[in-house]
Amino acid sequence: MGRRTALGLTTAGAAGAILGPARDAAAMTGPDIAGMIAVPGRVAGPTPLPVRRGYVRGRFGQIHYRITKPAVETGKPPLVCFHSSPNSSRVYERFIGFMGADRVCIAPDTPGFGDSDAPAEPPHIRDYAGAMGDLIDAMGLGEVDVMGYHTGSETCVEIGHQRPDQIRRIVIVSAPIFTDEERDEFRNNYALLEPQADGSHMVEKWWAHQAWRMEGWTLDHLAYQINDAMRRPDISWWGHRAAFDYPFKDRLKSVNKPVLVLNPEDDLVLYTNRAKGLAEHLTVRDLPGWSHGFLDLKPEDTVKMVRFHLDGEG
Amino acid sequence: MAADIERRYIDGRFGQMHLYMARPETDAGRPPLVCFHMSPYSSVIYESFLAEMGKDRLAIAVDSPGFGNSDPTPQPPVIQDFGAAMDDVITTLGLETVDVMGFHTGSKVSLELARRRPDAVRRAVLASIAYWTPEEMAHREVIIKPKEINEAGSHLTEAWQGAVRWSMPERTSQMIGNVFYAQAINPAISHWGHQAAYQYDVEATMAEISQPILVLNPEDDLWDQTPRIKPLLTQEGSRFLDLPGWAHGFLDIKTVETAEIVRGFLDWEG
Chain A
158 MGRRTALGLT TAGAAGAILG PARDAAAMTG PDIAGMIAVP GRVAGPTPLP
208 VRRGYVRGRF GQIHYRITKP AVETGKPPLV CFHSSPNSSR VYERFIGFMG
258 ADRVCIAPDT PGFGDSDAPA EPPHIRDYAG AMGDLIDAMG LGEVDVMGYH
308 TGSETCVEIG HQRPDQIRRI VIVSAPIFTD EERDEFRNNY ALLEPQADGS
358 HMVEKWWAHQ AWRMEGWTLD HLAYQINDAM RRPDISWWGH RAAFDYPFKD
408 RLKSVNKPVL VLNPEDDLVL YTNRAKGLAE HLTVRDLPGW SHGFLDLKPE
458 DTVKMVRFHL DGEG
Chain B
13 MAADIERRYI DGRFGQMHLY MARPETDAGR PPLVCFHMSP YSSVIYESFL
63 AEMGKDRLAI AVDSPGFGNS DPTPQPPVIQ DFGAAMDDVI TTLGLETVDV
113 MGFHTGSKVS LELARRRPDA VRRAVLASIA YWTPEEMAHR EVIIKPKEIN
163 EAGSHLTEAW QGAVRWSMPE RTSQMIGNVF YAQAINPAIS HWGHQAAYQY
213 DVEATMAEIS QPILVLNPED DLWDQTPRIK PLLTQEGSRF LDLPGWAHGF
263 LDIKTVETAE IVRGFLDWEG
């Protein structure tokens with residue numbers, strides 16, 4: 158077996174000169190565009206606000222979060238955002254960079270995902286909601302609004318039950334209302350995927366994610382986000398496991414909070430349609446043509462819908 | 013019992029810097045050890061090692077700017093930028109004297125910090141290091157680009173198979189899977205680390221520093237390259253150690269053995 162350098166470059170026969178630090182345009186999201194902050198490598202896109210990160214302690218260990226804040230306090234309740242499985246708060250990175258203009262926005266990594274410590278055993282949605290409650294307490298947030306995406310939608314509803322006096326309004330991206338047969342099928346589809354010596358285990362994930370991306374959400378966007386789905390292959394299926402075990406329909410019906418359901422045309426659209434007419438406190442908003450990636454591609458439109466629901470009267 | 017790992021952020025000149033820390037329950041009076049990772053990857057490669065080294069000293073691993081969770085430099089960096097950012101970390105943490113350890117690119121960051129802060133850096137451990145002399149550099153063309161991402165996903169399998177190729181046989185797919193994500197946390201700028209490393213003038217730095225250096229030479233992709241540093245190891249107390257049969261993954265597989273070697277060098281009263 159021939160040795161090679163780390164980059165596949167041979168050490169003999171090359172001629173020329175080392176290039177200086179290339180200002181390679183592909184790596185940059187551009188200079189500040191109209192007051193926007195463009196972070197090199199942050200493929201999600203530029204934001205008006207800086208997105209910072211931090212940790213607090215919860216029942217399972219450290220909880221990692223992303224946060225944005227308005228320049229001046231507005232008195233509006235903070236918005237806490239729960240991500241989909243098996244991603245991380247990176248899903249919300251661009252969105253909170255806009256949404257934080259008039260309220261504190263916090264997007265935690267669910268325990269076992271992103272940079273948050275994992276529970277010792279496969280958790281339930283009630284455990285995720287409990288840990289997110291720990292974050293709310295640790296940050297001294299008081300009354301909050303919550304937003305969730307797929308698995309995060311279930312966490313929103315559950316924390317609404319666990320903390321009825323503290324959770325004010327809820328926004329969920331998709332409402333995963335499954336039949337028992339569908340649950341069984343999904344459990345099998347989203348079970349543990351053992352890492353393979355040839356790396357083929359990742360290809361399946363890569364293809365599956367491509368199938369549901371919104372037009373304009375590029376392979377670079379996908380590569381940036383799917384990275385989090387590659388983490389902890391031994392436990393990355395725990396989020397889906399919890400989601401498929403949760404009696405979401407009943408809990409959604411009985412959570413006594415105004416809930417806005419955003420219904421993009423993604424892999425859950427058929428199931429989310431079942432939320433229509435389910436309860437008076439639910440408003441389902443169809444988003445035809447939108448799919449995964451909309452929080453990167455349509456942050457301002459999403460902010461408008463979310464603000465309308467959170468700040469509206471009644 | 014292994015020391016607990018805690019992660020945190022501190023502010024540096026390029027934004028937030030992310031680090032892993034492990035410490036003993038009682039202060040053992042030894043200088044803290046600060047570790048710098050290879051490219052692309054992140055401090056996650058040091059997780060097992062920190063838990064071991066943290067038993068008898070404060071052990072820290074810092075994500076380089078643009079890698080792991082540390083904010084990137086505004087432009088493609090040079091190793092001097094990484095060294096400056098690491099200086100911010102030890103300064104902010106109030107660490108007056110430290111030992112440093114590097115892995116591949118991180119070895120160059122270690123040398124740079126030793127050059128920049130001779131008052132603070134006591135000893136350095138370098139796990140593999142590649143370099144070219146200024147004459148060789150003048151005759152080399154190194155163009156490092158972001159990896160092309162394709163619908164078929166071959167960028168993922170190629171990177172995975174590259175990791176497998178230079179791993180120790182004992183390194184399981186699960187072990188690779190635990191750290192693999194870290195090679196593409198920011199895929200558009202993942203090449204910035206190698207780009208910086210390839211331009212760094214190791215020879216000039218080695219001539220400037222006087223701290224004792226231990227070079228570890230596992231049988232990885234730099235096995236043939238690393239011994240080239242031997243003539244430059246003129247600092248009193250410096251050593252060179254071949255580790256045949258060891259390769260990527262040794263920090264997880266040979267954790268205790270590595271800690272023994274590192275402790276032997278750092279705690280030696282020379």
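If you're matching them up, the sequences are chains A and B in order. Position 181 of the first sequence, counting from 1, maps to 338 under the numbering used here, and the rest follow consecutively. Position 262 of the second sequence, counting from 1, maps to 274 under the numbering used here, and the rest follow consecutively. Beta carbons: idealized from backbone N, C-alpha and C, even for Gly.
Measure how close the beta-carbons of D272(A) and H221(A) come, nearest whole angstrom, since I'm counting them as under 8 Å. Contact between D272(A) and H221(A) holds: CB atoms are separated by about 4 Å, below the 8 Å threshold.
Contact set for P178(A): own chain, Cβ-Cβ below 7 Å, skip 5 residues either direction: Reliability fails at P178(A), whose pLDDT of 38 lies under 50, so the model's placement of it is uncertain and the value that follows must be treated cautiously. Scanning its chain for C-beta atoms nearer than 7 Å, with the 5 sequence neighbours on each side dropped, one finds no residue around P178(A).
Taking only the alpha-carbon atoms, compute the straight-line gap between M158(A) and Q211(B) and give it to the nearest angstrom. Unreliable positioning characterises M158(A) in this predicted model, as indicated by a pLDDT of 29, which lies under 50. A coordinate reading is not provided.
Cβ of L454(A) less than 9 Å from any chain B Cβ? The Cβ of L454(A) sits no closer than 9 Å to any Cβ of chain B.
Rounded to whole angstroms, what's the CA-CA distance from A15(B) to M33(B)? Just pull it up for me. A15(B) and M33(B) have their alpha carbons spaced roughly 9 Å apart.
In this structure, how does DSSP classify S179(B) when only helix, strand and coil are distinguished? In the displayed model, S179(B) falls within a strand according to three-state DSSP.
Near D254(B), what residues of its chain come up, given a Cβ to Cβ distance below 7 Å and the 5 sequence neighbours on each side ignored? So the qualifying residues of the chain are N229.
Can you tell which of F405(A), P279(A), G254(A) and Y249(A) has the C-alpha that lies nearest to the C-alpha of G396(A)? For G396(A), the nearest C-alpha among the options comes from P279(A).
Name, please, each residue of chain B whose Cβ falls closer than 7 Å to the Cβ of A354(A). In chain order: V176 and S185.
So the candidates are N198(B), I17(B), T109(B) and P181(B); which of them puts its Cα closest to the Cα of D377(A)? Per the Cα distances, N198(B).
Below-9 Å beta-carbon distance, G165(B) vs any chain A residue: Among the CB atoms of chain A, one or more fall inside 9 Å of the CB of G165(B).
Within chain A, the residues that A139(B) reaches when beta carbons sit closer than 7 Å: In chain A, no part has a C-beta under 7 Å from the C-beta of A139(B); the shortest such distance is about 13 Å.
Which residue wins for smallest C-alpha separation from I57(B), given the options I22(B), G95(B), I17(B) and F26(B)? Looking at I22(B), G95(B), I17(B) and F26(B), the one whose alpha-carbon comes closest to that of I57(B) is I17(B).
Please check if any C-beta of chain A sits within less than 9 Å of the C-beta of P181(B). Contact of P181(B) with chain A is not assigned, every C-beta pair being separated by 9 Å or more.
Count the other CB atoms, across all protein chains shown, that sit within 10 Å of the CB of W280(B); report buried if there are 16 or more and exposed otherwise. Label assigned to W280(B): exposed.
Let's test the definition: count the other Cβ atoms within 10 Å of the Cβ of I102(B) and tell me whether it reaches 16, buried, or not, exposed. Here I102(B) is buried: its Cβ has 16 or more other Cβ atoms, across all protein chains shown, within 10 Å.
How many Å lie between V330(A) and P205(A) at the Cα? Cα-Cα distance, rounded: 23 Å.
Grouping DSSP H, G and I as helix and E and B as strand, with all else coil, what is T336(A)? If DSSP states are grouped into helix, strand and coil, T336(A) belongs with coil.
Within the continuous beta strand (DSSP E) that includes Y222(A), where are the two ends? Here the beta strand (DSSP E) through Y222(A) covers G218 to T225.
Proximity test, Cβ basis, 9 Å: N430(A) and chain B: Not closer than 9 Å to any Cβ of chain B, the Cβ of N430(A) fails to qualify, so no.
Kindly say whether I161(B), judged by its beta-carbon, lies nearer than 9 Å to any beta-carbon of chain A. With 9 Å as the cut-off, I161(B) counts as an interface residue toward chain A.
For F192(B), go through chain A and note every residue whose CB falls closer than 9 Å to its CB, in chain order. Ordered by position in chain A, the residues that pass the 9 Å Cβ test against F192(B) are P352, G356, M359, M387, R388 and P390.
For L409(A) and T440(A), believed in contact at Cβ under 8 Å, the rounded distance: Wrong, their Cβ atoms sit about 12 Å apart, outside the cutoff.
For Y143(B), which of helix, strand or coil comes out of DSSP? In this structure, Y143(B) counts as coil in the three-state DSSP scheme.
What is the rounded straight-line gap between the Cα of K159(B) and the Cα of A194(B)? If you take the alpha carbons of K159(B) and A194(B), they lie about 15 Å apart.
Are the CB atoms of Y428(A) and A332(A) nearer to each other than 9 Å? A contact, by the Cβ cut-off of 9 Å.
Using a beta-carbon distance below 9 Å, is L379(A) in contact with chain B? For L379(A), a Cβ of chain B is located within less than 9 Å of the residue's own Cβ.
Counting only Cβ-Cβ distances shorter than 7 Å, please list the residues of the stretch 201-213 of chain A near chain B, keeping chain order. Per Cβ criterion, the list reads R209, R210, G211 and Y212.
T440(A) - DSSP class collapsed to helix/strand/coil: Strand at T440(A).
Is there at least one Cβ from chain A nearer than 9 Å to G78(B)'s Cβ? Yes, G78(B) lies at the interface with chain A (some Cβ there is under 9 Å from its Cβ).
Proximity to R223(A) [Cα-Cα], best of F61(B), V154(B) and Y21(B): Of the candidates F61(B), V154(B) and Y21(B), the one whose C-alpha sits nearest the C-alpha of R223(A) is Y21(B).
Using three-state DSSP, classify R25(B) as helix, strand or coil. Residue state, collapsed to three classes: coil.
Where A259(B) meets chain A, residues with beta-carbon distance less than 7 Å: Contact annotation for A259(B) against chain A: no contact, minimum CB-CB distance about 12 Å [criterion: below 7 Å].
Using the C-alpha atoms, what's the distance from P203(A) back to M193(A)? In this structure, the CA atom of M193(A) is about 6 Å from the CA atom of P203(A).
Chain-ordered chain B contacts of V426(A) [CB-CB under 9 Å]: Within 9 Å Cβ-Cβ: nothing; V426(A) doesn't reach chain B, min ~23 Å.
Report the rounded CA-to-CA distance for P77(B) versus R216(A), giving the unit in angstroms. Taking the straight line joining both Cα atoms gives about 30 Å.
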